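Okay, here's the thing in structure tokens:
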């Protein structure tokens, strides 16, 4: 019983392995698509935090320039730390050998969730040569340049306030400088956001196209595989039919009577010699039991009540027995068969 199982197992794998490969590839492609879109979402969220931090930093620095309240300066520092984290992230990944630890620290400082760090780093390293990512990084650098100017101005204001004796003219000059920086960084932040939006749409369309093309290719592969299996089955069926026809011709050509029965003892086939012995046509006898055609007798005309199949199984019907076997037709005539 084990031999058919060990034979069928590799044959089963040979049939289904393309479909297993298709399912695994489609699952892998789906995982990559979801991971990429999650990374894009993290960048969009990071850009929103970057813009909000930049706006809050400018607001609190303008307020500090007027009030000279240290609490406003602390609020400025807290707000500025968010875009500063993005700057640290970019610098860490732009190195010849990227610093993953510094990049992760910058991501967390920028307000992104720690679980998003791997996706953000992966996308920066693998997509930074794409046009949309190059454009986004360019405006990112421009925005960071303005924020560096803002932080230098903030330190100057803080030092000057610490010295005391700040004049109204100085305050007005600081506010003008802050406003100039704000007018420069705002378009850069907007362009950075637009580039990320364009990139997210590009990646979404790309992933949809790749998934559709892959699905079509996998369907074609499945159809080709099924077609091949159907062709193989047809070849096997044709070969089996040919062997059956050859066996039929052989049975019809031999002189001995041949009767084929099924497991229930019903007649399936009779060759011409058997038709001559029984005076029955094969088409007429098909499906009938043997006893409907003839009785099997020994040479002393004693009828054996057991069926022919039972005689074969029990060993009663053996070649070379002492008594000859006779077939008694339904019309009473007999013919010797053994």
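In UniProt numbering, the protein residues as written are 1 to 338.
Glycine included, every Cβ here is placed at the ideal spot set by N, Cα and C.
Because the structure is a prediction, the values reported are computed rather than measured.
Residue i (DSSP reduced to helix, strand or coil)
i: residue 97; result: coil
i: residue 254; result: coil
i: residue 3; result: Legend: pLDDT at residue 3 = 46, less than 50; position of this residue unreliable, value from coordinates given subsequently. In the structure shown, residue 3 sits in a helix (DSSP, three-state: H, G or I).
i: residue 264; result: coil
i: residue 113; result: coil
i: residue 333; result: coil
i: residue 56; result: helix
i: residue 13; result: helix
i: residue 72; result: helix
i: residue 20; result: helix
N- and C-terminal bounds of the alpha helix (DSSP H) containing residue i
i: residue 137; result: 131-163
i: residue 283; result: 282-285
i: residue 117; result: 117-127
i: residue 272; result: 272-278
Residue i, enclosing beta strand (DSSP E) - first and last residue
i: residue 260; result: 259-261
i: residue 166; result: Looking at the DSSP string, residue 166 is not in any beta strand (DSSP E), and its letter there is neither H nor E.
Whole-Å CB distance - residue i paired with residue j, under 8 Å assumed
i: residue 152; j: residue 160; result: No, residue 152 and residue 160 are not in contact; Cβ-Cβ is about 13 Å, not under 8 Å.
i: residue 121; j: residue 101; result: In fact, because the Cβ distance is near 11 Å, the residues do not count as touching under 8 Å.
i: residue 93; j: residue 43; result: Incorrect: roughly 13 Å between the Cβ atoms, too far for contact.
i: residue 88; j: residue 106; result: 3 Å
i: residue 36; j: residue 203; result: 6 Å
i: residue 22; j: residue 209; result: Contact doesn't hold; Cβ gap of about 19 Å is too wide.
i: residue 184; j: residue 146; result: 5 Å
In DSSP terms, what residue i is bridged to
i: residue 269; result: 260
i: residue 289; result: 266
Check: residue i C-beta below 6 Å from any heavy atom of the ligand GDP
i: residue 225; result: The model depicted lacks the ligand GDP and carries no ligand whatsoever.
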